[in-house]
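Structure record follows, encoded as structure tokens.
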Amino acid sequence: MAIRNIREIGDEVLTKKCKEVKEMTDRTRELIDDMIETMYEANGVGLAAPQVGILKRIVVIDTTGEGAIVMINPRIVETSGEQIGYEGCLSVPGKTGVVTRPNYVKAVALDEEMQPFEIEGTELLARAICHELEHLDGHLYVEKVEGELQDVGEEDELEEEEV
Ligand code: ZN
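Numbering (my numbering), first residue to last: 905 to 1067.
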């Protein structure tokens, strides 16, 4: 396993649409392991493959500290409600902004064995799923920020959730 370099806003790779994963290979397994390690090392709650420069439809999420959820070829199938809150991104370091997201999300994806599963999330998990899936289509949360993008104050940094 290895820590990979996190690409930052301005890098073209973050604006590209990612390709579906057709089969699990040793290379893809290694990518997933590296993404999980890179996410934890950066104290993030989620990471999408394009953030480490790979245009594949893979995201990893851990909003609870209970282990990473790996989602391959994920797709949101249901949303409801609304939450308004601050969001950050490991690819936009030191910044935060207010984004409105659904408060409930249901998604389908493949796991590391390429088996389909369904996941439901509310609050932070719902926000993280929306945020990460947008990375796979080349979008960053900054496009959705209401008002100004703000600098993260040092005192806020520990509470900041970056995905
Ligand atoms: Zn992000």
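Positions of the beta carbon are idealized from the N, C-alpha and C atoms, including for glycine.
Segment limits, beta strand (DSSP E) that includes residue i
i            : result
residue 979  : 973 to 984
residue 1042 : Element bounds for residue 1042: n/a, residue is neither H nor E.
Start and end residues, alpha helix (DSSP H) containing residue i
i            : result
residue 933  : 930 to 945
residue 1037 : 1027 to 1039
Own chain residues within Cβ distance below 8 Å of residue i, not counting five before or after
i           : result
residue 923 : 959, 960 and 961
residue 956 : 908, 909, 910, 911, 935, 938, 939 and 942
Beta-carbon proximity list for residue i, same chain, < 7 Å, skipping 5 on both sides
i            : result
residue 977  : 924, 925, 961, 1013 and 1014
residue 919  : 1042
residue 1048 : 1003
Residues bridged to residue i (per DSSP)
i            : result
residue 988  : 1004
residue 999  : 1055
residue 950  : 965
residue 1118 : Outside the displayed range of the chain (905 to 1067) lies residue 1118, so it cannot be described from this structure.
Pair within 8 Å by beta-carbon distance, residue i and residue j
i            : j            : result
residue 946  : residue 980  : no
residue 1009 : residue 983  : yes
residue 933  : residue 1016 : yes
Proximal residues to residue i (C-beta, below 6 Å), its chain only, five neighbours per side dropped
i            : result
residue 906  : 938
residue 991  : 1003 and 1045
residue 1018 : 928
Cβ contact (3+ pairs, closer than 8 Å) linking the stretch 1029 to 1039 and the stretch 940 to 955: Contact between the stretch 1029 to 1039 and the stretch 940 to 955 is present, because at least three Cβ pairs lie under 8 Å.
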